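*Asks:*
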Amino acid sequence: MKMAKNFESGTFVTGCNYWASHAGIYMWRDWSPETVSADLELMGANHLTMLRVFPLWPDFQPLTAMILPSSGKMMYLNEEPLPDTEAGRAGVNEEMLARFRFLADEAEKNGIRLIVGLVTGWMSGRMFIPAALESLNPLTDPLSIKWQVRFVRYFVKQMKDHPAIAAWDLGNECNCLEQLENNNQAWNWTYAIASAIRLEDPVRPVVSGMHSLHMDCKRPWQIADQAELTDILTTHPYPLFTPHCNREPFDTLRNTLHATVESCLYSDLGGGKPCLPEEVGCLGPMICSEARAGAYLNSALFSCWAHDLRGLLWWCAFDQDHLKYPPYEWVALERELGLFRADYSAKPVGRVMRKFNQVLDAMPFRQLPKRRIDAVCLLTAGQAHWDAALGSFVLAKQAGFDLAFRDAEQPLPEAGLYIMPSIRNYNVITARRYHELLARVEKGAKLLVTSGNGMLQPFESVFGLRVDYSHEDQYQETFSIDGVEEKLTLPLKFRQKLLAVDAEVLGSNESGDPMLARRSYGEGELWFLNIPIESILAETNGAFYGANMQPFYRIYRKFFHAAGVERLIERENPAVGVTEHPLDENSVLCVLVNYCPETALTGLKLVPGWEIAEALYGDAAEIPGNDAAVIRIRRTP
Numbered sequence: 016m017k018m019a020k021n022f023e024s025g026t027f028v029t030g031c032n033y034w035a036s037h038a039g040i041y042m043w044r045d046w047s048p049e050t051v052s053a054d055l056e057l058m059g060a061n062h063l064t065m066l067r068v069f070p071l072w073p074d075f076q077p078l079t080a081m082i083l084p085s086s087g088k089m090m091y092l093n094e095e096p097l098p099d100t101e102a103g104r105a106g107v108n109e110e111m112l113a114r115f116r117f118l119a120d121e122a123e124k125n126g127i128r129l130i131v132g133l134v135t136g137w138m139s140g141r142m143f144i145p146a147a148l149e150s151l152n153p154l155t156d157p158l159s160i161k162w163q164v165r166f167v168r169y170f171v172k173q174m175k176d177h178p179a180i181a182a183w184d185l186g187n188e189c190n191c192l193e194q195l196e197n198n199n200q201a202w203n204w205t206y207a208i209a210s211a212i213r214l215e216d217p218v219r220p221v222v223s224g225m226h227s228l229h230m231d232c233k234r235p236w237q238i239a240d241q242a243e244l245t246d247i248l249t250t251h252p253y254p255l256f257t258p259h260c261n262r263e264p265f266d267t268l269r270n271t272l273h274a275t276v277e278s279c280l281y282s283d284l285g286g287g288k289p290c291l292p293e294e295v296g297c298l299g300p301m302i303c304s305e306a307r308a309g310a311y312l313n314s315a316l317f318s319c320w321a322h323d324l325r326g327l328l329w330w331c332a333f334d335q336d337h338l339k340y341p342p343y344e345w346v347a348l349e350r351e352l353g354l355f356r357a358d359y360s361a362k363p364v365g366r367v368m369r370k371f372n373q374v375l376d377a378m379p380f381r382q383l384p385k386r387r388i389d390a391v392c393l394l395t396a397g398q399a400h401w402d403a404a405l406g407s408f409v410l411a412k413q414a415g416f417d418l419a420f421r422d423a424e425q426p427l428p429e430a431g432l433y434i435m436p437s438i439r440n441y442n443v444i445t446a447r448r449y450h451e452l453l454a455r456v457e458k459g460a461k462l463l464v465t466s467g468n469g470m471l472q473p474f475e476s477v478f479g480l481r482v483d484y485s486h487e488d489q490y491q492e493t494f495s496i497d498g499v500e501e502k503l504t505l506p507l508k509f510r511q512k513l514l515a516v517d518a519e520v521l522g523s524n525e526s527g528d529p530m531l532a533r534r535s536y537g538e539g540e541l542w543f544l545n546i547p548i549e550s551i552l553a554e555t556n557g558a559f560y561g562a563n564m565q566p567f568y569r570i571y572r573k574f575f576h577a578a579g580v581e582r583l584i585e586r587e588n589p590a591v592g593v594t595e596h597p598l599d600e601n602s603v604l605c606v607l608v609n610y611c612p613e614t615a616l617t618g619l620k621l622v623p624g625w626e627i628a629e630a631l632y633g634d635a636a637e638i639p640g641n642d643a644a645v646i647r648i649r650r651t652p
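Add 15 to the 1-based position in the sequence shown for this note's numbering, that's all there is to it.
1) Cβ of Ile570 versus every heavy atom of the ligand HEM: is any distance shorter than 7 Å?
2) Does Thr617 pass the burial test, meaning 16 or more other C-beta atoms within 10 Å, or should it be called exposed?
3) How about Val28 and Gly296: do their beta carbons lie closer than 8 Å?
4) Report the residue ranges of all beta strand (DSSP E) runs contained in full by the stretch 307-344; include only those spanning at least 3 residues, in chain order.
5) So for Leu480, helix, strand or coil by DSSP?
6) By DSSP, does Lys88 sit in helix, in strand, or in coil?
7) So who's on the other strand from Ser523, going by DSSP bridges?
8) With Leu552 as the anchor, note down where its alpha helix (DSSP H) starts and where it stops.
9) Verify whether the separation of the beta carbon atoms of Tyr632 and Ala644 is less than 8 Å.
10) Have a look at Ile388, Phe371 and Ala390 and flag the residue whose alpha-carbon is nearest the alpha-carbon of Arg381.
11) Please report the residue range of the beta strand (DSSP E) in which Ile180 lies.
12) For the beta strand (DSSP E) holding Gln511, just list the boundary residues, first then last.
13) For the alpha helix (DSSP H) holding Cys189, just list the boundary residues, first then last.
14) Short check: CB of Tyr449 to CB of Thr267, under 8 Å?
15) Relative to the C-alpha of Ala181, which candidate in Asp488, Lys172 and Val218 has its C-alpha closest?
16) By Cβ distance, which residues of its chain are closer than 6 Å to Ala656, with the 5 residues on each side in sequence left out?
17) Rounded C-beta distance between Leu531 and Leu541? I'm assuming under 8 Å.
18) Pairs of beta-carbons, one from the stretch 46-56 and one from the stretch 380-395, closer than 8 Å: are there three or more?
19) According to DSSP, which residues form a beta bridge with Asn32?
20) Per the DSSP calculation, Gln8 is bridged to which residue(s)?
21) Does DSSP put Cys279 in a helix, a strand or coil?
22) Taking its Cβ as the centre, do 16 or more other Cβ atoms sit within 10 Å of Ala332, making it buried, or is it exposed?
23) Let me make sure I understand the geometry here. Which of Glu538, Ala147, Trp329 and Ala179 has the alpha-carbon closest to that of Val131?
24) Short check: CB of Leu583 to CB of Val608, under 8 Å?
25) Taking only three categories from DSSP, how would you classify Pro258?
26) Measuring CB to CB, does Thr26 end up less than 8 Å from Trp72?
27) Assuming Pro252 and His273 form a contact by the criterion Cβ under 8 Å, report the distance between their Cβ atoms to the nearest whole angstrom.
28) Give the straight-line distance between the Cα atoms of Lys339 and Glu351, rounded to the nearest whole angstrom.
29) Just to confirm the assignment, what range does the alpha helix (DSSP H) spanning Val409 have?
30) Pull up the CB-CB distance for Cys189 and Thr249, whole angstroms please, since I reckon it's below 8 Å.
31) Under the rule that 16 or more other beta-carbon atoms within 10 Å means buried, what is Tyr169, buried or exposed?
32) Suppose the cutoff is 6 Å on Cβ atoms and the five residues either side in sequence are ignored; what does the same chain contact list for Asn440 look like?
33) Give the straight-line distance between the Cα atoms of Ser523 and Asp497, rounded to the nearest whole angstrom.
34) Helix, strand or coil for Thr205 per DSSP?
35) From which residue to which residue does the alpha helix (DSSP H) around Glu351 run?
36) Would you mind stating whether Asn61 and Arg356 have Cβ atoms separated by less than 8 Å?
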């Protein structure tokens, strides 16, 4: 069978995380080559292209410590002296390595490639540490790190030439192994393991394997550090575990965009490093039905593909409800997470994964050209970054345009549109970066700032608005835009009364106070919204789907249209996201994703001078729930 496409080149990959169907985490000690062979054959037949696999740390490096009166602590291998071999000096069980090689051989036979999670000391809520190292902090203790490096170097050296190996993952969620005091400790551990990999294999990419990274310099595990030290960033975007992502049904806009938003955030803040959602899942039938899980996956696959991400991997290959030991015996949500049941029957998510791969295989391309970016979203100090990022991305998608993220203290990229969402507190942005941003506006850019209690200086002379007073308060604010009858209401925690000094008021509250205003500034424009809509909507149940949804995206759309930016495709339905991928100056690929379960009539319109040249998948005028359409448009002759 033909091997999967080259992961290193950026081709979109699909697949799952794999533990053998008969034994789960105990697959290496309860070894069944017949089962592993059958598992891999099944996944190859279902068109999976990538598996993430785990040499469980204490199984592969079964170190025990002996306390000797004369010489202190000595390392043994399963209570036997370390063999005088290269494997022995690394503390590695050669039989386990042979079993892993069998797995790699079977993957190659079935056209599947492997991402190897090397330091697998944390798995599904349970710690797995070699006995000799259990009392040590695995992320900071020198002895533990020394043996990790020895294990990684030996394993990589032995397996680096195998054609099934696509990449080396540092390990599964190693930021769960121990609490750290600062980001220097996380940086040092990451550097040690990444360097050990590259010493033996300078060719294959090093994958982060982490989840829940941050911008905040006070948090140990940071996006910027992982981007500095690894080649591919990773997200594990489970709506149940991620703040503000389980506030509507599983197969609706907020959740189906989740993997895309978080992964784009990591990639953008990581200086453009590629990002892979390497664990995605619903966490079982008590969260949603199998049908809704499949619908969610279909939207998420098309969305990640359309947004320049490296692929998507489901957690996990097989249900593990028949296993009777921890963590399966402990935690209900670890048991029914597979693409397939233990009897090999495919669940809806398995059928969706197979169909999506067949769709991509039928395309003239598997990797899309980079999508068009219309605006830059600047995330600032003092705010809840994820809240602001999630709200901004969803609003932009509803409004019909695409944005990229930047830390406001990073070098400012050239753009025609900037959004600084949900600013908070007194240290929003340094004076240097603020004046750089204002200089871009003077030269013709447009800037939208939304604020709760953020402090900018200068403010009045720039925005043409004066703060009359401000204080903490809890109340409902209702306002309208351009005097239309439809009113928008949100709960607020901070009251700031503005006076229009030299600004055009576009929206007012019921007392007539300015809420949305704009002002010319040099050749550009400054817009100010006196409500942090992004963070509030992120925190609000039902804000993006259902009876409580209000069309706040119209503020973003108004800003976008007033800036004079024109997309080649316009659609009326806010549940449908559109990405544009230029092939050349006369031809553009467009991906339309319906992020909600209802059939969407798109109300599709092309700008004058363009026409649909061909439909590569689906119907762009009417898209079934949680499905997509792919078209190529061209300039009219």
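Glycine residues also receive a C-beta, built at the ideal position from the N, C-alpha and C atoms.
On a predicted model such as this, the values are computed, not experimentally measured, just so you know.
*Replies:* Per the coordinate set shown:
1) Of ligands this structure carries none, so the ligand HEM is not represented either.
2) Position 602 of the sequence shown holds residue 617. Buried, because 16 or more other Cβ atoms sit within 10 Å of the Cβ of Thr617.
3) Taking the sequence shown and counting its residues from 1, the one referred to as residue 28 is at position 13. Taking the sequence shown and counting its residues from 1, the one referred to as residue 296 is at position 281. Result no, Cβ atoms of Val28 and Gly296 do not sit closer than 8 Å.
4) 326-329
5) Locating residue 480 in the sequence shown gives position 465, where the first residue counts as 1. It is a strand residue.
6) Here residue 88 corresponds to residue number 73 of the sequence shown, with the count starting at 1. Correct three-state label for Lys88: strand.
7) Against the sequence shown, residue 523 aligns to sequence position 508. For Ser523, which the question treats as bridged, DSSP gives the partners Ser495 and Pro529.
8) Translated into the one-based positions of the sequence shown, residue 552 becomes position 537. Segment Ile548 to Glu554, the alpha helix (DSSP H) holding Leu552.
9) Indexing the sequence shown from 1 puts residue 632 at position 617. Indexing the sequence shown from 1 puts residue 644 at position 629. Contact flag set, yes.
10) Within the sequence shown, numbered from 1, the residue matching residue 381 stands at position 366. Of the candidates Ile388, Phe371 and Ala390, the one whose C-alpha sits nearest the C-alpha of Arg381 is Phe371.
11) Your numbering for residue 180 matches position 165 in the sequence shown. Where Ile180 is concerned, the enclosing beta strand (DSSP E) stretches over Ile180 to Asp184.
12) As a working note, residue 511 is residue 496 in the sequence shown. Start and end: Leu503 to Ala515.
13) Along the sequence shown, one-based indexing puts residue 189 at 174. First-last for Cys189: undefined, no H or E at that position.
14) Working through the sequence shown from its first residue, we reach residue 449 at position 434. Working through the sequence shown from its first residue, we reach residue 267 at position 252. Going by C-beta atoms, Tyr449 is not nearer than 8 Å to Thr267.
15) Taking the sequence shown and counting its residues from 1, the one referred to as residue 181 is at position 166. Looking at the Cα atoms, Val218 is the closest of the given residues.
16) Here the chain covers residues 16 to 652 and nothing more, so residue 656 does not appear.
17) Start at 1 with the first residue of the sequence shown, and residue 531 comes out as number 516. Start at 1 with the first residue of the sequence shown, and residue 541 comes out as number 526. Not really, about 12 Å apart at Cβ, beyond 8 Å.
18) no
19) On the sequence shown, position 17 is the one that residue 32 refers to. Bridge partners of Asn32: Arg67.
20) A query on residue 8 cannot be resolved here, the shown segment of the chain reaching from 16 to 652 and no further.
21) Counted from its first residue, the sequence shown places residue 279 at position 264. Residue state, collapsed to three classes: helix.
22) Here residue 332 refers to the residue found at position 317 of the sequence shown. Buried, since its Cβ has 16 or more Cβ neighbours within 10 Å.
23) Counting from one through the sequence shown, the residue named residue 131 turns up at place 116. Cα-wise, what sits closest to Val131 is Ala179.
24) What you label residue 583 is simply residue 568 of the sequence shown in a count that begins at 1. What you label residue 608 is simply residue 593 of the sequence shown in a count that begins at 1. Their beta carbons are not under 8 Å apart, which means Leu583 does not touch Val608 by this criterion.
25) On the sequence shown, residue 258 is found 243 positions in, with the first residue counted as 1. Residue state, collapsed to three classes: coil.
26) Position 11 of the sequence shown, counted from the first residue, corresponds to residue 26. Position 57 of the sequence shown, counted from the first residue, corresponds to residue 72. Going by C-beta atoms, Thr26 is not nearer than 8 Å to Trp72.
27) If you number the sequence shown from 1, residue 252 lands on position 237. If you number the sequence shown from 1, residue 273 lands on position 258. Confirmed, about 5 Å.
28) To locate residue 339, count along the sequence shown from 1; it is residue 324. To locate residue 351, count along the sequence shown from 1; it is residue 336. So the alpha carbons of these two residues sit roughly 13 Å apart.
29) Locating residue 409 in the sequence shown gives position 394, counting from the first residue. It spans His400 to Ala414 - the alpha helix (DSSP H) in which Val409 sits, taken as one unbroken run.
30) Against the sequence shown, residue 189 aligns to sequence position 174. Against the sequence shown, residue 249 aligns to sequence position 234. So it is not a contact: roughly 11 Å between Cβ atoms.
31) Your numbering for residue 169 matches position 154 in the sequence shown. Answer is buried; the Cβ neighbour count reaches 16.
32) Here residue 440 refers to the residue found at position 425 of the sequence shown. Hits under 6 Å: Gly397.
33) Along the sequence shown, read from residue 1 onward, the residue named residue 523 stands at position 508. Along the sequence shown, read from residue 1 onward, the residue named residue 497 stands at position 482. Rounded to the nearest angstrom, the two C-alpha atoms are 8 Å apart.
34) For this step, residue 205 is matched to residue 190 along the sequence shown. Note: Thr205 maps to helix in three-state DSSP.
35) As a working note, residue 351 is residue 336 in the sequence shown. Here Glu351 belongs to no alpha helix (DSSP H), and DSSP marks it neither H nor E.
36) The sequence position of residue 61 within the sequence shown is 46, counting from 1. The sequence position of residue 356 within the sequence shown is 341, counting from 1. No, these two residues do not count as a Cβ contact at 8 Å.
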